[in-house]
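Asks:
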Amino acid sequence: MATKRTGKKRGHAAKKSARKSKARRGAKRAQPSFTLKRILAGVALLALTASILAVFWIDRAVVREFEARRYDTPARVFAQAVELYAGAPLDQPGLVDRLRRLGYAQTAAAALPGSFSASNDSLQIHTRPFVFWDGPRPAERMRVVFADARIDGLYGSDGGAIALARLDPQLVGSLLAANREDRILLGNGELPPALRDALLASEDRRFFEHAGVDWTAILRAAWVNFRAGEIRQGGSTLTQQLVKSFFLSNERTYRRKAVEVVMALILDARYDKATLLHAYSNEVYLGQDGSRSIHGFGLASHFLFGRPVSELELHQLTLLVALVRGPSLYAPRRHPERATERRNLILRLMMEQGFVDKPQALRAMEQPLDVTGTPARGSSYFPAYMDLVREQLRQGYAPQQLTREGLRIFTALDPVLQSAAERSLAAALDGMEASAPLQGAVVVTGTDGGEVLAVVGGRDGAYVGFNRALDARRPMGSLIKPVLYLAAIESGGYHLASALDNASIALPLPGGRVWEPHNFDGTSGPPLPLFRALSESINLPAVHTALDIGPDRVAEKLWQLGARQSVKRRTGAYPSIALGAVDVSVLEVAQVYNTLANGGFYTPLRAVRAVVDANGMPLERFGLQLEAVADGGAALQINAALVTTMQSGTGKSVRARLGEHTVVAGKTGTSNDFRDSWFAGFSDDLLAVVWVGNDDNRSTGLTGASGALNVWSRFMQTQSLHSVQLLPAAGLAMRWIDTSTGQLSDPACGAVVELPLPREASIAALPGCDVRADAPPREGVASRTLRWLKDRFRR
Amino acid sequence: MTRLLSVTIVACFGLAACATDPVAPPPPPQPHVPSMAVGSLLDAARSAREAGDLEGAAAGVERALRIERRSAPLFLELARIRLEQGDFGQSEALSLKAASLASGSHALVAEAWTTISQAREASGDSAGALEAWQKADEFRAR
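So the sequences go chain by chain: A and B.
Here the first sequence stands for residues 0 to 794, numbered as in numbering that gives the first Met the number 0.
Here the second sequence stands for residues 0 to 141, numbered as in numbering that gives the first Met the number 0.
(1) Please report the distance separating the alpha-carbon of alanine 50 (chain B) from that of proline 603 (chain A).
(2) Threonine 661 (chain A) by DSSP, collapsed to three states: which one?
(3) Unbroken alpha helix (DSSP H) runs of length 4 or more, entirely within the stretch 570-623 of chain A: which are they?
(4) What is the DSSP secondary structure of histidine 754 (chain A), counted as helix, strand or coil?
(5) Would you tell me roughly how many angstroms separate the C-alpha atoms of glycine 286 (chain A) and alanine 363 (chain A), rounded to the nearest one?
(6) For the candidate residues A:Pro746, A:Glu753 and A:Ser418, whose alpha-carbon lies nearest to that of aspartate 769 (chain A)?
(7) What's the gap between the Cα of arginine 458 (chain A) and the Cα of threonine 446 (chain A)?
(8) Helix, strand or coil for isoleucine 293 (chain A), going by three-state DSSP, please let me know.
(9) So for histidine 125 (chain A), helix, strand or coil by DSSP?
(10) So, at 8 Å on beta carbons, what are the nonlocal neighbours of leucine 316 (chain A) in its own chain, with the 5 sequence-adjacent residues on each side left out?
(11) Given this structure, state the Cα-to-Cα distance separating glutamate 202 (chain A) from leucine 237 (chain A), to the nearest angstrom.
(12) Is it right to say glutamine 394 (chain A) is buried, meaning 16 or more other beta carbons lie within 10 angstroms of its own, or is it exposed?
(13) Can you tell me where the alpha helix (DSSP H) with asparagine 281 (chain A) in it begins and where it stops?
(14) Identify the residues that DSSP records as bridge partners of proline 168 (chain A): which are they?
(15) Any beta-carbon of chain B closer than 8 Å to the one on glutamine 559 (chain A)?
(16) For isoleucine 150 (chain A) and alanine 87 (chain A), which I take to be in contact (beta-carbon distance under 8 Å), what is that distance rounded to the nearest angstrom?
(17) Just verifying my parser: in three-state terms, what is the DSSP assignment at asparagine 119 (chain A)?
(18) Starting from the N-terminal side, write out each stretch of the beta strand (DSSP E) that is 3 residues or longer and does not extend beyond the stretch 304-340 of chain A.
(19) Consider the Cβ of alanine 34 (chain B): report whether some Cβ of chain A lies at a distance smaller than 8 Å.
(20) Any idea which residues DSSP pairs tryptophan 735 (chain A) with across the strands?
(21) Since glutamate 76 (chain B) and alanine 44 (chain B) are thought to touch, with beta carbons under 8 Å apart, how far apart are those beta carbons, to the nearest angstrom?
(22) If I follow the unbroken beta strand (DSSP E) through phenylalanine 409 (chain A), where does it start and stop?
(23) From tyrosine 601 (chain A) to isoleucine 408 (chain A), what does the alpha carbon distance come to, in whole angstroms?
(24) Taking Cβ positions, are alanine 58 (chain B) and leucine 41 (chain B) nearer each other than 8 Å?
(25) Do you know offhand how far aspartate 147 (chain A)'s Cα is from valine 370 (chain A)'s?
(26) Run down chain B in chain order and give the residues with a C-beta less than 7 Å from the C-beta of proline 727 (chain A).
(27) Would you list, in chain order, the members of the stretch 57-84 of chain A that have their beta-carbon closer than 8 Å to a beta-carbon of chain B?
(28) Would you mind reading off the limits of the beta strand (DSSP E) that contains threonine 522 (chain A)?
(29) For arginine 620 (chain A), go through chain B and note every residue whose CB falls closer than 7 Å to its CB, in chain order.
(30) At which residues does the beta strand (DSSP E) containing phenylalanine 678 (chain A) begin and terminate?
(31) When DSSP labels each residue in this structure, what does glutamine 724 (chain A) get in the three-state scheme?
(32) Note down, in chain order, each residue of its chain lying with its Cβ closer than 7 Å to the Cβ of tyrosine 154 (chain A), except the 5 sequence neighbours on either side.
(33) Just checking my contact of glutamine 718 (chain A) with leucine 685 (chain A) at CB under 8 Å: how many whole Å lie between their CB atoms?
(34) For the structure I just gave you, are there three or more beta carbon pairs, one from the stretch 479-494 of chain A and one from the stretch 626-634 of chain A, closer than 8 Å?
(35) If I follow the unbroken alpha helix (DSSP H) through asparagine 224 (chain A), where does it start and stop?
(36) Is glycine 737 (chain A) close to chain B, meaning its C-beta is less than 8 Å from at least one C-beta of that chain?
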């Protein structure tokens, strides 16, 4: 070929030069038409080559885009699935609330998956099929019977008892790529026939017949538009619309149109109609939700109706198709009349073209739009929690895996708890007077199991940005005191009744300065028992104790309990660590107190339970991990003191809110100049840490008790609370202790508190008090407490 | 008069009782009812373990632990699964947790210490294994 061309060229060149020399030699006997023909032929050849190359290039681009888009699915993030079993602490209204959040329809007979029916004391639930991390579960019908604010029994359709069932978990968000397109992919065969019919009827009647471009439609549209004097109809096929959506720019030039036509023809030639329709259903732009674009019928169905597309009826499916022509124009929440008109037009078209019969169409036209109220904002319903999810997955997964491969991520999020925490923070902050607009953060975990149930990153729960719960680091303040005293008790020299120095102290610091710590009220005084120094949060005893055992020990303990990002181990700690001069995040504090509540077992807090790939194959499971980091007896003593804090110490104001019968444990914290207000506390099964402060670090004028505790108690009030159960530990016995002096006492001798103490500890008896350690209990309220506490130990 | 005096004295004791005991005790906790749900999960976990699906068994036990959070037998089961999986550190920690929850049942505590002994032995800590074995013996004897 090459030789031929060169030969031709040479031949050409020879002929050319022959012609030229002829022209030069002779008269002006040139043959312009012959040259022109050659030039034209050359140009035509070039044009043809260029066109062929262009088509190849377009073909490659089309295929590349198509294949890439097919797999562009952000990871789906799910909340924890509600478990149903006899004894579950869930009452009927509570379960109905959760069903509604999942978009379950309340019907008369619960005939279809995704519905329920209610009677006086029981619910009939028809669960949706779902692929959990441990395998697929089919749809199931069950009857749930309630008694005493719990599930009393669970029965299958055959009447037999069901041991355990799960509701499908709530979808709480996606991990989006930078272009912020969100999708719920419809799989093969998941496109409802009625939806397909509506699409064909209104957008592309001859979809299954044409070859990618429908010339008759174009001509018809041109005619209609010409007659009307304006653009009434588009002539684009679904294939052309699919092509258009591959490109961001919306230029309307002839060149673009031409490329679009070529691309549509290529696509149609390369892929079958079903595949194209499927891709279209997942690609079509249907609306905007804040910064999130809604693409595909799957996601639009959730966005508008809160339910999967398979559960929609005719009037709802046609509304989805109505959006195709104008996602903003026909947005049903903003323009309900226009949306209804367009929906009904589509129904008419379907009727005219024989997809539905007249009664069906008329019935559908009479239906209201049926969309849910304002949907949750943004790409996540709970952006602060999603931050923690992302952080936990960052180590094991590349960003592309998380944003493109359709992974399914199962978390421990409890959406009901999360909403309650958000509301409590907002309401409490609104009610507080302060010099500047306050901010706050909350982390809620279970006391066992190490799972993070809720994360609130700021006053505005929907805000996507700086996450104060995870990323703000503030001085821990008095929240460190339990850690300090734990280290002291473990060192062997201390117990709850030990007398601690409360004298003023001046410490020389390097550089000639002097540190003079003070108590909150500026006083100093005689020695105090440890449990009071902790429950009343007195500073001087803490400093003395830290100096005695060494500040490095305190830092080490803090690290062991869980503050592993913020604390350097073993060296370089200052005495001021005794007063919490160490910056920590709310999440770290939650980790530390979780270890205490767990009796000294460190369980790394996790938000993600399991990761599964798009086909349901498990990729990773984050199981329960434990590390024994504190002595059980020491932890018990500290927890007992934290209970005392809430009964008679700095946290006692909660008793008004939570009632006298609920026993909780906690610690207030206030940093220098009232810049940070902290509270960390737990019940039997819930732990919550709250921080309140100003972003610019200005003083708030709030203490831990007046600020963060307010938020905490508001939140705890929304939950059904169970009293803290302190597990007995070997080597400890309950003793009555005089509240002022920490000496052994007896209820008959004055104000006492019952505390767990080492059996072999020698504790002085209160002078003048007949301490009868083994005497039979005196009848009365106090002895009832004694008996109740002793019962605990016997178990 | 005596009746008035008695009433006054009793009232004084009552007030004193209130003074010494500022908080009324909570009502006694509900009795522990063995759960069908946990039973079925445990059965499934054991089957999984026998079939060699250890991680699946662990997942099942952890799911049961979300229902019965402070169950020593469940922690012990998980400890045994981790032992089989070769995770000796976790096996020991989980057994310690089981022991801390089982203070009422000497047999269970003994089993926990036995598992700890096995984990230590498997990880090469023979001295520690012996210690744990002796501790198990102590509880078995009680």
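Ideal placement from N, C-alpha and C gives every residue a C-beta, glycine not left out.
For clarity, every value in this text was computed on a predicted model and none was experimentally measured.
Replies: Considering the structure as presented:
(1) Counting from one through the second sequence, the residue named residue 50 (chain B) turns up at place 51. Counting from one through the first sequence, the residue named residue 603 (chain A) turns up at place 604. Each residue's alpha carbon lies about 30 Å from the other.
(2) Against the first sequence, residue 661 (chain A) aligns to sequence position 662. The answer is coil: DSSP assigns threonine 661 (chain A) none of H, G, I, E or B.
(3) 585-596
(4) Position 755 of the first sequence holds residue 754 (chain A). Rather than histidine, the amino acid found at residue 754 (chain A) in this sequence is leucine. In this structure, leucine 754 (chain A) counts as strand in the three-state DSSP scheme.
(5) If you number the first sequence from 1, residue 286 (chain A) lands on position 287. If you number the first sequence from 1, residue 363 (chain A) lands on position 364. Taking the straight line joining both Cα atoms gives about 23 Å.
(6) For the purposes of this step, residue 769 (chain A) is identified with residue 770 of the first sequence, where counting begins at 1. It is A:Pro746.
(7) In the first sequence, counting from the first residue as 1, residue 458 (chain A) sits at position 459. In the first sequence, counting from the first residue as 1, residue 446 (chain A) sits at position 447. Roughly 25 Å between the two C-alpha positions.
(8) The count along the first sequence starts at 1 and reaches residue 293 (chain A) at position 294. Correct three-state label for isoleucine 293 (chain A): strand.
(9) Within the first sequence, residue 125 (chain A) is the residue found at index 126, counting from 1. Three-state result, histidine 125 (chain A): strand.
(10) For this step, residue 316 (chain A) is matched to residue 317 along the first sequence. Taken in chain order, the residues that qualify are Pro191, Ala193, Leu194, Ala197 and Val308.
(11) Taking the first sequence and counting its residues from 1, one reaches residue 202 (chain A) at position 203. Taking the first sequence and counting its residues from 1, one reaches residue 237 (chain A) at position 238. Cα to Cα, the separation comes out at about 7 Å.
(12) In the first sequence, counting from the first residue as 1, residue 394 (chain A) sits at position 395. So glutamine 394 (chain A) ends up on the exposed side.
(13) Position 282 of the first sequence, counting from 1, holds the residue named residue 281 (chain A). That run of the alpha helix (DSSP H) goes 272-282.
(14) Taking the first residue of the first sequence as 1, we reach residue 168 (chain A) at position 169. Proline 168 (chain A) is not bridged to any residue.
(15) Within the first sequence, numbered from 1, the residue matching residue 559 (chain A) stands at position 560. So, not an interface residue.
(16) To locate residue 150 (chain A), count along the first sequence from 1; it is residue 151. To locate residue 87 (chain A), count along the first sequence from 1; it is residue 88. Sure, about 4 Å apart at Cβ, within 8 Å.
(17) For this step, residue 119 (chain A) is matched to residue 120 along the first sequence. Reduced to three states, the DSSP call for asparagine 119 (chain A) is coil.
(18) none
(19) One-based indexing of the second sequence puts residue 34 (chain B) at position 35. According to the sequence shown, residue 34 (chain B) is serine rather than alanine. Yes, its Cβ sits closer than 8 Å to a Cβ of chain A.
(20) Taking the first sequence and counting its residues from 1, the one referred to as residue 735 (chain A) is at position 736. For tryptophan 735 (chain A), which the question treats as bridged, DSSP gives the partners A:Glu753.
(21) By one-based count along the second sequence, residue 76 (chain B) stands at place 77. By one-based count along the second sequence, residue 44 (chain B) stands at place 45. Right, the Cβ-Cβ distance comes to about 7 Å (below 8 Å), so this counts as a contact.
(22) What you label residue 409 (chain A) is simply residue 410 of the first sequence in a count that begins at 1. Per DSSP, phenylalanine 409 (chain A) belongs to the beta strand (DSSP E) from 407-410.
(23) As a position in the first sequence, residue 601 (chain A) is number 602, starting the count at 1. As a position in the first sequence, residue 408 (chain A) is number 409, starting the count at 1. Using only the alpha carbons, I get a separation of about 24 Å.
(24) As a first step, residue 58 (chain B) must be located in the second sequence, where it is residue number 59. As a first step, residue 41 (chain B) must be located in the second sequence, where it is residue number 42. Cβ distance not < 8 Å, so alanine 58 (chain B) and leucine 41 (chain B) don't count as in contact.
(25) In the first sequence, residue 147 (chain A) corresponds to position 148, counting from 1. In the first sequence, residue 370 (chain A) corresponds to position 371, counting from 1. Cα-Cα distance, rounded: 36 Å.
(26) By one-based count along the first sequence, residue 727 (chain A) stands at place 728. Ser102, listed in chain order.
(27) Glu82 and Tyr84
(28) The sequence position of residue 522 (chain A) within the first sequence is 523, counting from 1. Premise fails: threonine 522 (chain A) is in no beta strand (DSSP E) and is neither H nor E.
(29) Start at 1 with the first residue of the first sequence, and residue 620 (chain A) comes out as number 621. Under the 7 Å cutoff, chain B gives Glu54 and Ala58.
(30) Taking the first residue of the first sequence as 1, we reach residue 678 (chain A) at position 679. 675-681 is the extent of the beta strand (DSSP E) around phenylalanine 678 (chain A).
(31) Looking up residue 724 (chain A) in the first sequence gives position 725. Residue state, collapsed to three classes: coil.
(32) By one-based count along the first sequence, residue 154 (chain A) stands at place 155. Around tyrosine 154 (chain A): Met141, Arg142, Ala160 and Ile161.
(33) By one-based count along the first sequence, residue 718 (chain A) stands at place 719. By one-based count along the first sequence, residue 685 (chain A) stands at place 686. The Cβ separation is near 6 Å, so the contact holds.
(34) yes
(35) Working through the first sequence from its first residue, we reach residue 224 (chain A) at position 225. That run of the alpha helix (DSSP H) goes 214-227.
(36) Position 738 of the first sequence, counted from the start, is the residue given in the question as residue 737 (chain A). According to the sequence shown, residue 737 (chain A) is aspartate rather than glycine. Not an interface residue.
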